[in-house]
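Participant: My questions all concern the structure below.
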Amino acid sequence: MASTELLPERSLQPRPRAPHAGPLATRFELLSELVRRDVRSRYRGSVLGVGWTLLNPLIFMIVYSLVFGKFLHVHYPGGSPTVFILSGLLAWTFFSQALIMATNSVVANAGLVKKVAFPWVLLTVSSVLAALVNFAISLLLLIPFMLLAHKGVGPPILAAVLLVAVTFALSLGLGLVLAAGYVYLRDLQYLVNLGTLIWFYVTPVIYPWSLVQSKFSHGFEGAAAHVVLYINPMTWVVLGFQDVFVYDRWPQHWHGLGYSVAFSLVSIWVGLRVFRRLRRRFAEEV
Amino acid sequence: MPDLAIEINDVSKRFRIYHQRSVTLKQALVERSRGRYEEFWAVRDVSVEIPAGESLGIIGENGSGKSTLLKCVAGILIQDKGNISVRGRLASLLEVGAGFHPDFSGRENIYLNGAILGLPRRYIKSVLDEIVAFAELEQFIDNPVRTYSSGMYTRLGFSIAVHLDPDILLVDEVLAVGDEAFQRRCMERIHAFRADGGTLVFVSHALDSVRAVCERCLWIDRGEERMLGGVDAVVDAYRAEVNRREQTELQMTEAAEVDTAPGRMGVRITSVGYSGPDGPTSVLNTGDPLTVSVGYRSLEPLDGARFTITFIGENGLPILSVPTDDLETGDVALPREGVVRLVLPGVPFLEGLYRVTVDISDIATGEQYKRLERVQPFRVHSSDRREVGMALLGHTWELPKVTSRASHR
């Protein structure tokens, strides 16, 4: 054993001990650090930075409103195809970005998972929170187009909080399953990309709900289309966003929205369970 | 009896080795399996109790399972059998700078890495200057970490780690980084941590560090406990075993390496061998007596022949060449067959693999009878010594003395 006389004098004095913060407080701080990292690493190194968060939905919105509004003569209710498409598109972009980022969240941090024991679930939570931050920024895009279309928002904007919460919970729940599954099954990334693309088209983002009602009112196809749209929890979220921003009214489909709330809560419960089960071998498999 | 800080009870950990690393969807769905794999037990039925305030070293060869065991204690891996209980705040240091983001400044990374390691933000803020000073990065702390040299990167990671201040600290090998001065300061921190009553589990290949830091030591061999006990006994036993294994490896090459074909005048070298303090060996420690034996045979008695034995270092350069006529003068008559021995009372060489070149020639004409180049490797260990280089030369230090006060305390 080395004798204590060899130690520098400083170390013989009692050092201040690191305060014992509650696990919840430290976890919250860790989460905020991770979100900060996820948000900022997205923008560092790109010339436009935050601009991309705005430019991306803007360009898609322009393309969709040209293709569907101008060329295919889809009639958008509320008089403004731009606000209509944008309100659903921003919500959808939040959802799909959250899913894609969440899927990658554990594998992308392989070095960390292999070497440090901490609540790895926070990696997935922070990726969805980072998508939420991007979504909040992208909402700025609505302002100029709503002004152009002479639209405003009143008290129904409060409903948007619930809609965002549902989208967040839904993407987190699914994201947890995908993040844990992706560690073991690397094909999942392609499936997620493909899945979100298909999911986008069965969500009334670029076509109005009224079109579905009139064009698919009867026959097997109509029934099938209705079933798909009805069981899709994002349908009611997107319709809610359109209600708030296009019509300045409270969401009209409360039953559907209730279903989405229930669906998202179940997905969180399932997601946490699956993640907890699969994380046992993360450090070996990642 | 003091409280136990860590209790490891019959712990086993199984790994899967996949024949194909990446599993495709087709395999998962069609073959309903995640690819074929073999199971292998990386750790098998290991039990250790570590009292609070003790420091335990874990040694073993690469792949013996020592890191796996440490990761199980850290909670990164979950054992398949047995249980591990930990009492107290635990911090594991398996990698420095885990989670550093290259685009972030050193300062930002301190907060990020600190949070990942479980430090409260308020505390990091209060020791921030200390961390920066310890890492000697005052001028660079606001530059992105990607612009750091690897030394700066490691120092920063380590400085955060030494401020962890846990009750129990798990350290895996990471101490072998940074320059010597930094390493010394890290060791000082570890000693200070121990002096404060911290519990330490230390995995390392550096047996001297283990000896310096630990009281007890666990030797793991192929996943199983080989020996558990006082650090000196275990390290000595481990070192002896490593030497034994090395020796059998070296001996296996022996037969093939000595070329016994006759040279000029039918002179052959039939064997080249070494003996140490305990008889024939090819593994020695610096300072051990060494005898090099060269067996020869020829058609006629060797009149006026000179044997030369040259020791060759790992870099292929001769270190010492010893001809027989240095010692013997005049007529040297050797029988037709025999063994020539060169005795060194103490091997002066330091850590490394050495070979010899054996040459037999005529003293008068210089005509070469037989020459064997760089045969018979032997290993010299000197890891207990502080000297570094090829050979140990006799030396003494003379240091100035403090005249006024006896000590700084």
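Sequences listed follow chains H and A, in order. Quick note, the first sequence lines up with residues 858 to 1143 if you use the working numbering. Quick note, the second sequence lines up with residues 59 to 467 if you use the working numbering. Backbone N, C-alpha and C fix where the C-beta goes; we use that ideal spot for every residue, glycine too.
Got a sec: is the Cβ-Cβ distance from Ile136 of chain A to anything in chain H below 7 Å?
Facilitator: To locate residue 136 of chain A, count along the second sequence from 1; it is residue 78. Yes, contact with chain H.
Participant: Going by DSSP in three states, Gly908 of chain H sits in which element: helix, strand or coil?
Facilitator: On the first sequence, position 51 is the one that residue 908 of chain H refers to. In the structure shown, Gly908 of chain H sits in a helix (DSSP, three-state: H, G or I).
Participant: With respect to the beta strand (DSSP E) encompassing Val1101 of chain H, which residues constitute its N-terminal and C-terminal limits?
Facilitator: On the first sequence, position 244 is the one that residue 1101 of chain H refers to. Val1101 of chain H -> not in any beta strand (DSSP E); alpha helix (DSSP H) instead, spanning 1090-1103.
Participant: When you compare each of A:Pro202, A:Asp200, A:Ser207, A:Ala250 to Asp223 of chain A by their alpha carbons, which one comes out closest?
Facilitator: In the second sequence, the residue the question calls residue 223 of chain A occupies position 165. The residue with the shortest Cα to Cα distance from Asp223 of chain A is A:Ala250.
Participant: Less than 7 Å between CB atoms is the rule here; does Ala1037 of chain H satisfy it with respect to chain A?
Facilitator: The sequence position of residue 1037 of chain H within the first sequence is 180, counting from 1. For Ala1037 of chain H, the answer is no, since every Cβ of chain A falls outside 7 Å of its Cβ.
Participant: Is there a Cβ of chain H sitting closer than 7 Å to that of Ala132 of chain A, yes or no?
Facilitator: Counted from its first residue, the second sequence places residue 132 of chain A at position 74. Taking Cβ atoms only, chain H reaches closer than 7 Å to Ala132 of chain A, which makes this a yes.
Participant: Short of 7 Å in beta carbon distance, which residues of its chain neighbour Phe240 of chain A, apart from the five on each side in sequence? Order them along the chain.
Facilitator: Here residue 240 of chain A refers to the residue found at position 182 of the second sequence. Answer for Phe240 of chain A: Arg213, listed in chain order.
Participant: In chain order, what residues of the same chain lie with their CB nearer than 7 Å to the CB of Val1023 of chain H, ignoring the 5 residues before and after it?
Facilitator: Walking along the first sequence from the start, residue 1023 of chain H turns up at place 166. So the qualifying residues of the chain are Val1094, Ser1117, Val1118, Ser1121.
Participant: Are the C-beta atoms of Met178 of chain A and some chain H residue less than 7 Å apart?
Facilitator: Sequence index remark: in the second sequence, residue 178 of chain A carries index 120 (1-based). The sequence as given places Pro at residue 178 of chain A; Met does not occur at that position. Closer than 7 Å to some Cβ of chain H, the Cβ of Pro178 of chain A qualifies, so yes.
Participant: Report yes or no: do the stretch 175-184 of chain A and the stretch 104-120 of chain A share at least 3 C-beta pairs separated by less than 8 Å?
Facilitator: Taking 8 Å as the limit for Cβ pairs, the verdict is that the stretch 104-120 of chain A does not touch the stretch 175-184 of chain A.
Participant: Strictly under 7 Å for the Cβ-Cβ distance: is Leu1129 of chain H near chain A by that measure?
Facilitator: For the purposes of this step, residue 1129 of chain H is taken as residue 272 along the first sequence, with counting starting at 1. With 7 Å as the cut-off, Leu1129 of chain H does not count as an interface residue toward chain A.
Participant: Out of A:Ser70, A:Ile327, A:Ile278, A:Glu96, point me to the one whose CA is closest to Tyr427 of chain A's CA.
Facilitator: As a working note, residue 427 of chain A is residue 369 in the second sequence. Nearest of A:Ser70, A:Ile327, A:Ile278, A:Glu96 to Tyr427 of chain A, Cα basis: A:Ile327.
Participant: With a 10 Å radius around its C-beta and 16 neighbouring C-beta atoms as the bar for buried, classify Phe98 of chain A as buried or exposed.
Facilitator: Position 40 of the second sequence holds residue 98 of chain A. Burial call: exposed.
Participant: Give a yes or no on whether the C-beta atoms belonging to Val990 of chain H and Val1103 of chain H are separated by under 7 Å.
Facilitator: Within the first sequence, numbered from 1, the residue matching residue 990 of chain H stands at position 133. Within the first sequence, numbered from 1, the residue matching residue 1103 of chain H stands at position 246. The answer is no: Cβ separation not under 7 Å.
Participant: For Glu153 of chain A, go through chain H and note every residue whose CB falls closer than 7 Å to its CB, in chain order.
Facilitator: As a first step, residue 153 of chain A is located in the second sequence; it is residue number 95 there, counting from the start. Within 7 Å Cβ-Cβ: Lys972.
Participant: Roughly how many angstroms lie between the CA atoms of Leu863 of chain H and Ala253 of chain A, to the nearest whole one?
Facilitator: As a first step, residue 863 of chain H is located in the first sequence; it is residue number 6 there, counting from the start. As a first step, residue 253 of chain A is located in the second sequence; it is residue number 195 there, counting from the start. In this prediction, Leu863 of chain H has a pLDDT of 38, which is less than 50 and means its spatial position is unreliable; what the coordinates show is noted afterwards. Cα to Cα, the separation comes out at about 12 Å.
Participant: Counting pairs of beta carbons, one from the stretch 1012-1028 of chain H and one from the stretch 921-934 of chain H, are three or more of them closer than 8 Å?
Facilitator: Contact fails: fewer than three Cβ-Cβ distances are below 8 Å.
Participant: Got a sec: is the Cβ-Cβ distance from Gly157 of chain A to anything in chain H below 7 Å?
Facilitator: Translated into the one-based positions of the second sequence, residue 157 of chain A becomes position 99. Interface residue, yes.
Participant: Between Phe1098 of chain H and Ala948 of chain H, which are expected to be in contact by the criterion C-beta below 8 Å, what is the C-beta distance as a whole number of angstroms?
Facilitator: In the first sequence, residue 1098 of chain H corresponds to position 241, counting from 1. In the first sequence, residue 948 of chain H corresponds to position 91, counting from 1. Indeed, because the Cβ distance is near 5 Å, the residues count as touching under 8 Å.
Participant: Smallest Cα separation from Gly345 of chain A: which of A:Thr368, A:Val185, A:Gly404?
Facilitator: Here residue 345 of chain A corresponds to residue number 287 of the second sequence, with the count starting at 1. For Gly345 of chain A, the nearest C-alpha among the options comes from A:Gly404.
Participant: I'd like to know if Lys927 of chain H contacts chain A, where contact means its C-beta is closer than 7 Å to some C-beta of that chain.
Facilitator: Counting from one through the first sequence, the residue named residue 927 of chain H turns up at place 70. Output row for Lys927 of chain H: interface = no.
Participant: Does the distance from the C-beta atom of Tyr900 of chain H to that of Gly906 of chain H stay below 7 Å?
Facilitator: As a first step, residue 900 of chain H must be located in the first sequence, where it is residue number 43. As a first step, residue 906 of chain H must be located in the first sequence, where it is residue number 49. In contact: Tyr900 of chain H and Gly906 of chain H (Cβ atoms closer than 7 Å).
Participant: Just mark Ile174 of chain A as buried or exposed, buried being the case when its beta carbon has 16 or more other beta carbons within 10 Å.
Facilitator: Here residue 174 of chain A corresponds to residue number 116 of the second sequence, with the count starting at 1. Ile174 of chain A is buried by the Cβ-count criterion.
Participant: For Glu196 of chain A, which residues from the same chain have a beta carbon less than 7 Å from its beta carbon, with the 5 sequence-adjacent residues on both sides left out?
Facilitator: Locating residue 196 of chain A in the second sequence gives position 138, counting from the first residue. Here the set comprises Val190.
Participant: Tell me, please, whether the CB atom of Ser903 of chain H is closer than 7 Å to any CB atom in chain A?
Facilitator: Position 46 of the first sequence, counting from 1, holds the residue named residue 903 of chain H. It does not: the Cβ of Ser903 of chain H has no partner Cβ on chain A nearer than 7 Å.
Participant: Following the continuous alpha helix (DSSP H) through Gly133 of chain A, name the residue where it begins and the one where it ends.
Facilitator: Taking the first residue of the second sequence as 1, we reach residue 133 of chain A at position 75. Counting along the chain, Gly133 of chain A falls outside any alpha helix (DSSP H), and DSSP gives it neither H nor E.
Participant: Under DSSP, the beta strand (DSSP E) around Glu431 of chain A begins and ends at which residues?
Facilitator: In the second sequence, the residue the question calls residue 431 of chain A occupies position 373. 426-439 is the extent of the beta strand (DSSP E) around Glu431 of chain A.
Participant: Does the beta carbon of Thr883 of chain H sit closer than 7 Å to a beta carbon anywhere in chain A?
Facilitator: Residue 883 of chain H sits at position 26 when you count from the first residue of the first sequence. So, interface residue.
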